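Visitor:
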Amino acid sequence: MRADRSDRPALLLAWYDRHRRRLPWRALPGERTDAYRVWLSEIMLQQTTVKAVGPYFEKFLARWPDVGALACASLDDVLRMWAGLGYYSRARNLHACAVVVLRDHGGVFPDTEEGLRALPGIGPYTAAAIAAIAFDRRTMPVDGNIERVVSRLYAVEEPLPQAKPLIQQLAANLLGPSRAGDEKSRAGDEESRAGDSAQALMDLGASICTPKKPACALCPLNEDCVARVRGDQETFPRKAPKKSGTLRRGAAFVVTRGAELLVRSRPEKGLLGGMTEVPGSDWLAGHDDKAARRQAPALNSVARWHRKAGVVTHVFTHFPLELVVYTARVAAGTRAPRGMRWVPIATLADEALPNVMRKVIAHGLGL
Ligand code: SF4
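Under our numbering, the first residue of the sequence shown carries the number 681, and numbering increases by one thereafter.
#1: Taking 6 Å as the limit between beta carbons, can you name the residues of its chain near Ala965, skipping five residues before and five after?
#2: Look up Leu942 in the DSSP assignment and say whether it is helix, strand or coil.
#3: Please say whether Ser945 and Thr936 have beta carbons closer to each other than 7 Å?
#4: Is it buried or exposed for Glu738, if we count other Cβ within 10 angstroms and need 16 for buried?
#5: In whole angstroms, what separates the C-alpha of Met820 from that of Arg828?
#6: According to the neighbour-count rule (16 or more other Cβ atoms, all chains shown, within 10 Å of its Cβ), is His998 buried or exposed?
#7: Would DSSP call Ala732 helix, strand or coil?
#8: Taking Leu854 as the reference, give the member of Arg818, Gln842 and Leu840 with the closest Cα.
#9: What are the start and end residues of each continuous alpha helix (DSSP H) run of 4 or more residues lying completely inside the region 796-827, in chain order?
#10: Drop a sphere of 10 angstroms on the beta-carbon of Glu1031, count the other beta-carbons inside from all chains shown, and report buried for 16 or more, exposed for fewer.
#11: Buried or exposed, going by whether 16 or more other CB atoms sit within 10 Å of the CB of Glu793?
#12: Cβ-heavy atom distance between Leu901 and ligand 1 below 6 Å?
#13: Per DSSP, Pro1000 forms a beta bridge with which residues?
#14: If we ignore side chains and look at the alpha-carbon of each, how far apart do Leu833 and Arg987 end up?
#15: Exposed or buried, Leu1047, counting other C-beta atoms within 10 Å across all chains shown (16 or more means buried)?
#16: Could you pull the DSSP bridge partners for Lys919 from this structure?
#17: Looking at the secondary structure, which residues open and close the alpha helix (DSSP H) in which Pro689 lies?
#18: Could you tell me whether the Cβ atoms of Leu774 and Ile813 are closer together than 7 Å?
#19: Does the region 799-815 come within contact of the region 717-732, defined as at least 3 CB pairs closer than 8 Å?
#20: Could you give the DSSP three-state label for Ser760: helix, strand or coil?
#21: When you compare only the Cα positions, how much space is there between Pro735 and Ala811?
#22: In this structure, does DSSP put Ala1012 in helix, strand or coil?
#23: How many Å lie between Gly709 and Gly787 at the Cα?
#24: Ligand 1 heavy atoms versus the CB of Arg908: any closer than 6 Å?
#25: Quick one: Cα of Leu1003 to Cα of His967, how far?
#26: Measuring alpha carbon to alpha carbon, tell me which residue in Ala715, Leu951 and Arg760 is nearest Phe996.
#27: Give me the residue from Arg910, Ala907 and Leu884 with the minimum Cα distance to Leu898.
#28: Locate the alpha helix (DSSP H) running through Gly885, then write down its first and last residues.
#29: Any heavy atom of ligand 1 closer than 6 Å to the Cβ of Leu692?
#30: With DSSP run on the structure shown, which of helix, strand or coil describes Leu964?
#31: Taking Thr1027 as the reference, give the member of Ala771, Leu725 and Leu941 with the closest Cα.
#32: From the DSSP secondary-structure annotation, give me the bridge partner or partners of Val1005.
#33: CB of Val829 to nearest heavy atom of ligand 1: below 6 Å?
#34: Looking at Pro894 and ligand 1, is the gap between the Cβ and the nearest heavy atom below 6 Å?
#35: Ligand 1 and Ile826: does any heavy atom of the ligand fall closer than 6 Å to the residue's C-beta?
#36: Considering only DSSP beta bridges, list what Thr890 is partnered with.
Below, the structure is given as structure tokens:
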């Protein structure tokens, strides 16, 4: 029997009750949802996969079991714990947000989208996700998974990102029924399942309505999915051609003094703010190798720099990067230039090293 479109929210929730994913931050059925866990996971999941986030989430929770504990941690400790997850401004905002929640809200997260959006690092999507999942507010946070499901379900022809407002509007149709006119329902209450509706769509996108070869036969919404009926599911969501950023190039200098490595901290503001790096040149589109070499750290005892074969490549959100790596060994007792320091190679894991620097060091040290 063909499902009526008004049944979609109920079909979705029934499917979710049977097939929901078990995730470390997700409350079990009947358990109270913890806003701290939801917030922490949502910040970590921005630009990062569920698989990569899992171990970090567990580590953070073990070390800082509530928002008050995280607020009292030092930013350095938070950055160190975050190292490897990428997009480090998230870690700074995470800490700043915990401080504000403790200082201005007595350690309790605001329970409205508006209140959440006023906090550091919480944009419209994250505010909607926390409001729906932690507080059952009737709102639909639209992530990549939900975009895919909705664009297929309704065969949205407009390409992303222009289609976002339309997809947002259509996704809201998939929220469970509201008790019209009821103040409590709008404010979130035990009868609202807005959080489950959102998580159901996320799970459907992650496990059934996948980018390639969606398992439509298992989908609870397959009877009136427009793209499935047409047979062109995989062509959704439509996307405008990608403009990739211009390639930037630079040089990195891996200097060892015995079993120690020369490092410095990046400026607090900007890309990879406050993270640890080996000294290096500027990263420029019009790279000039000689000019880059002139930015090598001033170390009198370096007789010559050895250029490692090959380059280290890394892709940031807005540009790809290629780094040439130079190495040198200096004598015991050589002082670190101003603003730099020696750290034992054996304790590098304790440094807030971004992935690009891990690659550079591994290349430079031949690890
Ligand atoms: S029927 Fe297929 S394409 Fe349509 S929403 Fe379900 S899994 Fe996605």
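Backbone N, C-alpha and C fix where the C-beta goes; we use that ideal spot for every residue, glycine too. In this text, all values refer to a predicted model and were calculated from it rather than measured experimentally.
Guide: Taking the geometry as given:
#1: Thr926 and Arg928
#2: strand
#3: Thr936 places its beta carbon 7 Å or farther from that of Ser945.
#4: exposed
#5: The alpha-carbon of Met820 is positioned some 14 Å away from that of Arg828.
#6: exposed
#7: DSSP, read as helix, strand or coil, puts Ala732 in helix.
#8: Arg818
#9: 804-815
#10: buried
#11: buried
#12: yes
#13: Val995
#14: If you take the alpha carbons of Leu833 and Arg987, they lie about 54 Å apart.
#15: Around the Cβ of Leu1047, a 10 Å sphere holds fewer than 16 other Cβ atoms; the residue is exposed.
#16: Leu840
#17: Arg688 to His699
#18: Not in contact: Leu774 and Ile813 (Cβ atoms no closer than 7 Å).
#19: yes
#20: First, the residue type needs correcting, since residue 760 is Arg and not Ser in the sequence shown. DSSP places Arg760 in helix when its eight states are reduced to three.
#21: 24 Å
#22: coil
#23: At residue 709 the sequence reads Pro, which differs from the Gly that was named. So the two alpha carbons sit approximately 25 Å from each other.
#24: yes
#25: 10 Å
#26: Leu951
#27: Nearest option by C-alpha distance: Leu884.
#28: Ala874 to Ser887
#29: no
#30: Looking at Leu964 - three-state DSSP - the assignment turns out to be strand.
#31: Leu941
#32: Ala932
#33: In this structure, Val829 has its CB closer than 6 Å to one or more heavy atoms of ligand 1.
#34: yes
#35: no
#36: Looking at the DSSP assignment, Thr890 forms no beta bridge with any residue, so it has no partner.
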